[in-house]
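Quick notes on the structure that follows.
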């Protein structure tokens with residue numbers, strides 16, 4: 002069994018890596034939005050209004 | 053197909069299974085995953101939230117690319133980079149004497165879940181197929 006020689010990834014490979022990161026990040030954000038058990042961004046980032054008791 | 057070609061596809065499918073399994077557990081319970089990242093005490097809160105929101109999707113994307121035999125080299129490169137980051141995070145937790153769950157595979161545990169040499173060894177083993185996929189051309193038929 003002869004294996005091909007190793008070779009370094011091309012610029013195109015690195016560009017597709019970046020594309021995978023961007024597509025994956027968008028998919029992750031969308032999945033979190035659609036998931037009822039997802040992270041509540043308002044609470045996580047502290048955007049939710051604070052209820053003040055009189 | 054030659055044996056090297058068959059082995060290449062076996063490596064690709066094995067790596068795809070690992071990353072899809074890792075992504076599934078995190079996508080189903082993002083809040084738990086966010087807690088796991090926070091427990092490492094490495095990132096500021098905004099980065100913990102950002103990582104918990106995006107990482108599962110990135111793992112899903114690279115797992116699907118490996119599974120569908122599309123842009124395998126880029127997906128394998130990304131898998132190696134992520135795995136190196138995980139190994140660094142686990143090593144850092146061990147260095148600081150933290151005893152915590154690694155937060156790697158919540159759906160179906162593969163190997164040890166407590167951070168330690170076992171989790172590092174497992175991650176290194178899982179990198180073998182993706183190193184091959186990333187730095188060697190697909191064997192010709």
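Chains as they are written, first to last, in our numbering: chain A, 2 to 55; chain B, 53 to 193.
In this text, a Cβ means the ideal position worked out from N, Cα and C, and glycines have one as well.
Under 9 Å from the C-beta of residue 44/A: neighbouring residues of chain B: Taking the first chain and counting its residues from 1, the one referred to as residue 44/A is at position 43. Per Cβ cutoff of 9 Å: no residues; residue 44/A is ~10 Å from chain B at best.
List, in order along the chain, the chain A residues whose C-beta lies closer than 9 Å to that of residue 126/B? As a working note, residue 126/B is residue 74 in the second chain. By Cβ distance, chain A contributes 10, 13, 14, 15, 16, 17, 18, 19, 20, 21.
If you draw a straight line from the alpha carbon of residue 9/A to that of residue 96/B, how long is it in whole angstroms? Stepping through the first chain from its first residue, residue 9/A is reached at position 8. Stepping through the second chain from its first residue, residue 96/B is reached at position 44. Each residue's CA atom was taken as its position, placing residue 9/A and residue 96/B some 34 Å apart.
Within 7 Å (strictly less), CB to CB, does residue 30/A reach chain B? As a working note, residue 30/A is residue 29 in the first chain. Residue contact check for residue 30/A against chain B: a CB pair falls below 7 Å.
Are the segment 62-74 of chain B and the segment 19-30 of chain A touching by the rule of at least three beta carbon pairs closer than 8 Å? Contact check between the segment 62-74 of chain B and the segment 19-30 of chain A: fewer than three CB pairs, one atom from each, fall below 8 Å, which does not count as touching.
List the residues of chain A whose Cβ lies closer than 9 Å to the Cβ of residue 109/B, in chain order. As a working mapping, residue 109/B is identified with position 57 in the second chain. Near residue 109/B (Cβ distances below 9 Å), the residues of chain A are 24, 25, 26, 27, 28, 29, 30, 31, 32, 33.
Which residues in chain B have a C-beta closer than 9 Å to the C-beta of residue 5/A? List them in chain order. Working through the first chain from its first residue, we reach residue 5/A at position 4. Chain order gives the chain B residues near residue 5/A as 56, 188, 189, 190, 191, 192, where near means a beta carbon separation below 9 Å.
Hey, which unbroken runs of the alpha helix (DSSP H) at 4 residues or more fall wholly within the segment 65-124 of chain B? Complete alpha helix (DSSP H) runs here, min 4: 82-91, 97-119.
List, in chain order, every chain A residue whose beta-carbon is nearer than 9 Å to that of residue 82/B. Translated into the one-based positions of the second chain, residue 82/B becomes position 30. Within chain A, the residues near residue 82/B are 29, 32, 33, 36, 38, 39, 40.
Considering only the beta carbon of each residue, do residue 125/B and residue 186/B sit closer than 7 Å? What you label residue 125/B is simply residue 73 of the second chain in a count that begins at 1. What you label residue 186/B is simply residue 134 of the second chain in a count that begins at 1. Closer than 7 Å, so yes.
Please classify residue 174/B as buried or exposed, where buried requires at least 16 neighbouring CB atoms within 10 angstroms. Within the second chain, numbered from 1, the residue matching residue 174/B stands at position 122. Here residue 174/B is buried: its Cβ has 16 or more other Cβ atoms, across all protein chains shown, within 10 Å.
Along the alpha helix (DSSP H) that carries residue 175/B, what are the first and last residues, could you check? Here residue 175/B refers to the residue found at position 123 of the second chain. Here the alpha helix (DSSP H) through residue 175/B covers 169-187.
Taking any Cβ of chain A, which residues in the segment 67-99 of chain B have a Cβ under 7 Å from it, in chain order? Within the segment 67-99 of chain B, 79, 81, 82, 83, 86 place their CB atoms closer than 7 Å to a CB of chain A, listed in sequence order.
Measure how close the beta-carbons of residue 32/A and residue 109/B come, nearest whole angstrom, since I'm counting them as under 8 Å. Taking the first chain and counting its residues from 1, the one referred to as residue 32/A is at position 31. Taking the second chain and counting its residues from 1, the one referred to as residue 109/B is at position 57. So it is a contact: roughly 6 Å between Cβ atoms.
7 Å Cβ cutoff met for residue 5/A and residue 191/B: As a first step, residue 5/A must be located in the first chain, where it is residue number 4. As a first step, residue 191/B must be located in the second chain, where it is residue number 139. Going by C-beta atoms, residue 5/A is nearer than 7 Å to residue 191/B.
Whole-number beta carbon distance between residue 179/B and residue 146/B, since they are thought to touch under 8 Å: Within the second chain, the letter at position 94 stands for residue 146/B. Within the second chain, the letter at position 127 stands for residue 179/B. Taking C-beta atoms under 8 Å as the contact rule, residue 146/B and residue 179/B fail to qualify, at a distance of about 18 Å.
Quick one: what's got a C-beta closer than 7 Å to residue 129/B's C-beta in the same chain, skipping five residues either side? As a working mapping, residue 129/B is identified with position 77 in the second chain. Taking residue 129/B as the centre and dropping the five residues before and after it, the same chain places the C-beta of 186 closer than 7 Å to its C-beta, in chain order.
If you draw a straight line from the C-alpha of residue 48/A to the C-alpha of residue 40/A, how long is it? Residue 48/A sits at position 47 when you count from the first residue of the first chain. Residue 40/A sits at position 39 when you count from the first residue of the first chain. Distance between the alpha carbons of residue 48/A and residue 40/A is about 13 Å.
So, do the segment 138-154 of chain B and the segment 99-116 of chain B have three or more beta carbon pairs nearer to each other than 8 Å? The segment 138-154 of chain B vs the segment 99-116 of chain B: no contact.
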